[in-house]
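Novice: Take the sequence shown: its letter number 672 is residue 672 in full-length UniProt numbering, and every next letter is one higher.
For every residue, glycine included, the Cβ atom is placed at its ideal position computed from N, Cα and C.
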Amino acid sequence: MHVAKKPSLLLGGIICSYLLVFGLIITVQISQYRNIVNLTKQFNTSTEISVNKLMLLIDLRKETDSLQANLLHLLLQKTNINHNILQTYSQKVERNRSDVESDIHQLLDLEKNNIVVKHLKKLHQSWNANIPYVRQILRYLKNDNRDIAEYIYLSSQHDLFEKQEQLIETLTQLIKQETQEQQDRLAKITETKQKEFKNLARLMAGFLFGLAVLMLFTYYSSKKFYTKLIFSRQKYKKLIEVSSQLYLMVNADGVVELMNENLKIKLINNFYNTSVFNLSDILPEIAIIFNRNKLLNNAVSNKIISIPKTKLYVNKTAPLIVKGNFVLYYKQRKLSYAELYLNDFTENYLLQQQIKLSERKYRNIFELSPLPKIIYDLQTLSILQVNHAAIIKYGYNKKEWLNIKYTDIFHPLYRDNVKEIVQNLRVKSEVLQGSTRHITKHGNFFDVEMRGVPFDYEGIPARMITVLDVTERNEAENKISKAIFDTQEKERFEISAELHDNVNQILTGAVFSLQQSLSVTMLPQCQQSLKSVQLHTRQAIETIRQISHRLAPPTFNYIGFSESLELLLNKINIHHQYSIEFVHNIPNNCKMPYDLMLILYRIVQENMNFIHQHAKATLIELSLNVDESGVELYMFDNGIGYDTKSVQNFIHFTNIQRRAALFSGYARIQSSPGNGCSVKVFIPLT
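1) Counting C-beta neighbours from all protein chains within 10 Å, is the total for GLU339 16 or more, i.e. buried, or is it exposed?
2) Give a yes or no on contact between the segment 405 to 414 and the segment 379 to 394, applying the rule of three or more CB pairs nearer than 8 angstroms.
3) Leaving out five residues on either side along the sequence, give the residues of the same chain with a beta carbon under 6 angstroms from the beta carbon of SER435.
4) Can you pull the DSSP bridge partners for GLN525?
5) Could you tell me whether the segment 465 to 473 touches the segment 510 to 529, where touching means 3 or more Cβ pairs closer than 8 angstroms?
6) In terms of alpha-carbon separation, which member of HIS614, ASN348, ASN343, ILE289 lies closest to ARG323?
7) Please state the DSSP three-state secondary structure of ILE383.
8) So, is THR40 buried or exposed, given that buried needs 16 or more other C-beta atoms within 10 angstroms?
9) When you compare the CB positions of GLY254 and SER280, do they come within less than 8 angstroms of one another, or not?
10) For MET1 and MET249, what's the separation of their Cα atoms in angstroms?
11) According to DSSP, simplified to helix, strand and coil, what is GLU581?
12) Suppose only complete runs of 3+ residues qualify. What are the beta strand (DSSP E) ranges in the segment 449 to 479, listed by chain order?
13) With distances taken from CA atoms, which of ASP627, VAL386, LEU413, HIS411 is nearest LEU400?
14) Which same chain residues, not among the five before or five after MET635, have their C-beta less than 6 angstroms away from its C-beta?
15) If we ignore side chains and look at the alpha-carbon of each, how far apart do ALA4 and LEU211 end up?
16) Measuring CB to CB, does residue 711 end up less than 8 angstroms from VAL511?
17) Between the C-alpha atoms of THR440 and LEU567, what's the straight-line distance to the nearest angstrom?
18) Can HIS442 and GLY395 be called in contact, C-beta distance under 8 angstroms?
19) Taking the Cβ atom as the reference point for each residue, do ILE580 and ILE620 lie within a distance shorter than 8 angstroms?
20) Could you tell me which of GLU632, ARG659, PRO673 sits nearest to THR644, measuring between CA atoms?
21) Please tell me whether LEU633 and VAL681 are closer than 8 angstroms, where the distance is taken between their beta carbons.
22) If you draw a straight line from the C-alpha of LEU200 to the C-alpha of ILE289, how long is it?
23) Whole angstroms is fine: what's the gap from LYS195's alpha carbon to LEU24's?
24) Pop quiz: ILE460 and ILE374 are said to be a contact at Cβ under 8 angstroms. What is the actual Cβ separation, rounded to whole angstroms?
25) Measuring only the C-alpha atoms, how far is ASN348 from TYR362?
26) Excluding the five sequence neighbours on either side, which residues of its own chain have a C-beta within less than 7 angstroms of the C-beta of LYS538, listed in chain order?
27) With C-beta atoms as the reference, is ASP627 less than 8 angstroms away from CYS677?
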């Protein structure tokens, strides 16, 4: 197991950090001191340059004053001037010119101020303009033309000398001002740097003090932490010992040095009779990984390797199936030791194998079933799997099945209703049962009964549908039902005729006999009794006549189908207790078979009688729409609604559905207590 560092090592690291920070602080202080020294040097250099500038200006002033004084001295002499003196003075003028040129160039080299440079250039121009006049004055003095020389001096030379003195004075003031500003600026920077140096020194001292306090606090905290860590490792070791996991530690040579009790019991209680185990003996696959990583001597950090599944040989016949993590610890770029944390996965593995075997058996049952079976995705309605019977029945090959939707195999008239049902089943896990009509690849229709159960197909929420072709059964049932309905209609007609032709005639004769008896003189009580009998007999005749008309099938010869329905509605609403809305659309070129019209008539008649007896409705809506595809009949009432699963209602709705099924149609009934009832019947004409 990995050993924690001692507090002394941690403290040594903190001290090293402290010394490193202290050295960094000293370096910063030295850098600050050097900045101050550099500023002082700049101050001294600036002062020295300013002094040199002023000395050069003083020299210029001296040269100018000397030239002017000598020239005045020559002009003020009353006697003739010695030519040797003039020659000496001329040489002196040339030297002064050369010295002034040198001084001005030195000042231009030293000066960076544009204003000072401008004045120096003016002074240089003035000197260059003055020298020709001085030479001219000396030439006239040499020729004893003192008056002309004096005139030249007074007209030009005197003003030039004054201008030069003003320029020199201005330059002196500018240089002094510039020097003072530069010195003030450097002094201010130096003062700021000194303050920063002192503040930084105080800050560093406080930081060092805080770091020292932190070092002491860290030391005591690390000591306390180390104590807790030792305690935690003891608890961890104890936990490993009693854990249901399988733990072992191996050294760099692959020899097991430590294992917990759970693994030790499994090993020693089996064929191993030694207490020394090699990793290659019990975990050969892990040993290969261990040896491969052992050769990677350039590893710098620990490595965790996930073990998805491997074999642990605790005996020679039935190894355990384990999975877990393999932790490699490196020290100085070399593998030091490794730890394995494993979970016994044997039972789960065996269970998975059994599940796979069951899945194979189930798949065989699925594939070999004589009934078509279809698995579709609940979300996308895509076909996921079909068996061989579905391929044969529907005519699609396996690839074509996977490219169609579940709703594509339904008759077009049923698809909208199927989509709604499938949408509701996405959030419900109930078993689906029902009857519908499917269509094959080649357009053939057949009636089916389906049973669908929720199904998890490779992690996808799905539903498996088992299909039973009931076309022949339905056709046989429809034949039987049609024969029954034909017999019922025949019996209705015979009963209607018997009531109308025989019973009503007998009752009519009785009424006639009673009428004759009333013409004979008799007691008032007897006469009143005979009148009452006559009234009841007339009522019986009317009732029998109505029953006879209801039982007799309509002929639709004298009046049309829609008019027959209107007449039926009016008979039921004889007391105007309902608000009836009847809308119909029957093309003139549409000729419906008599049997179909009779079935629709009976459906309307049965449903209207049911509404009249049970619904307590005030509004009845009836619509009839006929087109090329078929006949759609819709009935609605706003009555109390029904529970469609009750026995009485079930019989009523089943009769409607059976009548529609006689012509390959369907009936959809929607009703619930308090929400009225709607009946939709569709019968195809093709």
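Specialist: Let me lay it out:
1) Buried: at least 16 other Cβ atoms inside 10 Å.
2) The answer is yes - the segment 379 to 394 touches the segment 405 to 414, with three or more Cβ pairs under 8 angstroms.
3) GLU449, listed in sequence order.
4) DSSP links GLN525 through a beta bridge to no other residue.
5) Output reads no: the segment 510 to 529 does not touch the segment 465 to 473.
6) According to the sequence provided, residue 323 is Lys. The question's Arg does not apply to it. For LYS323, the closest C-alpha among the options HIS614, ASN348, ASN343, ILE289 is that of ASN343.
7) Strand.
8) Label assigned to THR40: exposed.
9) Taking 8 angstroms as the cut-off, the Cβ atoms of GLY254 and SER280 count as close.
10) Residue confidence is low: MET1 scores 47 on pLDDT, short of 50, so the model does not pin down where it sits. Its coordinate-derived value is still stated next. Each residue's alpha carbon lies about 7 angstroms from the other.
11) DSSP places GLU581 in strand when its eight states are reduced to three.
12) 460 to 469, all fully within the segment 449 to 479.
13) Looking at the sequence shown, residue 400 is not Leu but Glu. Per the C-alpha coordinates, the member of ASP627, VAL386, LEU413, HIS411 positioned closest to GLU400 is VAL386.
14) So the qualifying residues of the chain are ASN607, LEU622, VAL679.
15) The predicted model places ALA4 with a pLDDT of 44, which falls under 50 and marks its position as unreliable; any figure quoted below should be read in that light. Rounded to the nearest whole angstrom, the C-alpha separation of ALA4 and LEU211 is 25 angstroms.
16) Here the chain has residues from 1 to 686 only, and residue 711 is not among them.
17) Looking at the two C-alpha atoms, the distance is approximately 43 angstroms.
18) Yes, Cβ-Cβ distance for HIS442 and GLY395 is below 8 angstroms.
19) For ILE580 and ILE620, yes; Cβs fall inside 8 angstroms.
20) The residue with the shortest Cα to Cα distance from THR644 is PRO673.
21) The Cβ atoms of LEU633 and VAL681 sit closer than 8 angstroms to each other.
22) C-alpha separation (whole angstroms): 58 angstroms.
23) Between LYS195 and LEU24, the C-alpha separation is close to 20 angstroms.
24) That pair is no contact at about 14 angstroms.
25) Going by the C-alpha atoms only, they are around 20 angstroms apart.
26) Per the sequence shown, residue 538 should be read as Arg rather than Lys. For ARG538, the CB contacts under 7 angstroms within the same chain, skipping 5 residues up- and downstream, are VAL511 in chain order.
27) Result no, Cβ atoms of ASP627 and CYS677 do not sit closer than 8 angstroms.
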